[in-house]
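Each residue of the sequence shown is one higher than the last, beginning at 54 in the numbering used here.
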Amino acid sequence: MYRNELEQKTGLTRRAIEYYEKKKIINPIRDENGYRNYNDNDIEILCKVNTFKKLGFTINEIIDVLKNNKYLNDIIKDKRRKLNFDVKKQEILEMFYDEKYDFNCINDKLKVIEREEKIHERLNYIFPDSIAQLIFYSYKPFFDEKIVDGGEKYFEEYVDYINSLPPFEMDEIEKEYFEEAMYKMEESEVENIISNRINAVNNFDEWFDENKDNINLYLEYKKSEEYDKSLAKKINDSLKDYMQKIKYYEIAIPLIRKFSKSYDEYYIKLLETNEKLLKKCKL
Numbered sequence: 054m055y056r057n058e059l060e061q062k063t064g065l066t067r068r069a070i071e072y073y074e075k076k077k078i079i080n081p082i083r084d085e086n087g088y089r090n091y092n093d094n095d096i097e098i099l100c101k102v103n104t105f106k107k108l109g110f111t112i113n114e115i116i117d118v119l120k121n122n123k124y125l126n127d128i129i130k131d132k133r134r135k136l137n138f139d140v141k142k143q144e145i146l147e148m149f150y151d152e153k154y155d156f157n158c159i160n161d162k163l164k165v166i167e168r169e170e171k172i173h174e175r176l177n178y179i180f181p182d183s184i185a186q187l188i189f190y191s192y193k194p195f196f197d198e199k200i201v202d203g204g205e206k207y208f209e210e211y212v213d214y215i216n217s218l219p220p221f222e223m224d225e226i227e228k229e230y231f232e233e234a235m236y237k238m239e240e241s242e243v244e245n246i247i248s249n250r251i252n253a254v255n256n257f258d259e260w261f262d263e264n265k266d267n268i269n270l271y272l273e274y275k276k277s278e279e280y281d282k283s284l285a286k287k288i289n290d291s292l293k294d295y296m297q298k299i300k301y302y303e304i305a306i307p308l309i310r311k312f313s314k315s316y317d318e319y320y321i322k323l324l325e326t327n328e329k330l331l332k333k334c335k336l
């Protein structure tokens, strides 16, 4: 079977399937025409992977279990010690101690839980690849909530949109630069950047007065020859072109505003802040 049929049978997105292929979790054969051809074993493996992913297993833990099922009990015990699973997920985990556990039954129970999960939790196992995770992480404060009433269909449209996107192309040098930058950046740094951005929107005048010198230095750097010749500018320009090409701001942003109440409130303030910043800096 081809990828479209595999997506239908597993419920996984194209991006998720591609990610699991890169991780060598499945290894589809290729037809003479170059198309990947999947089999029933691939379906079974991906369904297991999706189930474990929803339960909070890391990709390395999943790979270990697929290689040798004896690791499953050890990992479950570790999860119980380290993670703050809610009661319902703990009950589902306990089902794995029964050698006759049924993935279909487990997934039916998970679907009920999903509706009560926060937005970022649902997106994390739908799109496990790093580029998608970076996009979602920038919305983390707004995705740390459940989907608003009536927002489910817009969330599903957003998932379909992200799944249909072409890959963001980078050459090997750009990839190495990007991955090194992401590796060096601590999670706390990313959280600080997001926190400062929200603070700027909510308290613009105070934020601008405190950061005026840094803002001017940054604007001067953006005009410099050093920045103009930098790899960072090249990647940033490529990313801007990519976002325009896929119409992210025209398609994705309106959908996010419809399923995340806090982001909708933030976005309205963001437009006002951008106008103020343009006037202050005379851009």
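Just so you know, even glycine gets a beta-carbon here, dropped at the ideal spot from N, CA and C.
Item                                                                                                                                                                  : Value
Whole angstroms is fine: what's the gap from residue 129's alpha carbon to residue 231's?                                                                             : 34 Å
So is residue 274 buried or exposed if we call it buried at 16+ other beta carbons inside 10 Å?                                                                       : exposed
Does the Cβ of residue 168 have 16 or more other Cβ atoms within 10 Å, making it buried, or fewer, making it exposed?                                                 : exposed
Could you pull out every unbroken alpha helix (DSSP H) segment of at least 4 residues lying fully inside the stretch 291-334, listed in chain order?                  : 301-312, 314-334
Go ahead and pull the three-state DSSP assignment for residue 82.                                                                                                     : strand
Using DSSP's beta-bridge definition, name the partner residues of residue 89.                                                                                         : 83
Would the beta-carbon of residue 194 fall within 9 Å of that of residue 106?                                                                                          : no
Can the beta-carbon of residue 255 be found closer than 9 Å to that of residue 333?                                                                                   : no
Beta carbon of residue 196, beta carbon of residue 171: below 9 Å?                                                                                                    : yes
Helix, strand or coil for residue 168 per DSSP?                                                                                                                       : coil
Following the continuous alpha helix (DSSP H) through residue 279, name the residue where it begins and the one where it ends.                                        : 278-281
Would you mind working out which of 288, 93, 294, 109 sits nearest residue 225, comparing C-alpha positions?                                                          : 288
Determine the burial state of residue 111: buried for a count of at least 16 other Cβ atoms within 10 Å of its Cβ, exposed for fewer.                                 : exposed
Count the other CB atoms, across all protein chains shown, that sit within 10 Å of the CB of residue 63; report buried if there are 16 or more and exposed otherwise. : buried
What residue range does the alpha helix (DSSP H) around residue 144 cover?                                                                                            : 140-147
If contacts are defined as beta-carbon pairs under 8 Å, then residue 185 and residue 215 qualify, I think. What distance do you get, rounded to the angstrom?         : 7 Å
Based on Cα-Cα distance, which residue from 284, 296, 108, 250 lies nearest to residue 316?                                                                           : 250
If residue 308 and residue 211 are in contact, beta carbons under 8 Å, what's the gap, nearest whole angstrom?                                                        : 4 Å
According to the neighbour-count rule (16 or more other Cβ atoms, all chains shown, within 10 Å of its Cβ), is residue 87 buried or exposed?                          : exposed
Within its chain, find whatever has a CB closer than 8 Å to the CB of residue 96; leave out the 5 residues flanking it on each side and keep chain order.             : 59, 62, 63
Can you tell which of 220, 81, 244 has the C-alpha that lies nearest to the C-alpha of residue 190?                                                                   : 244
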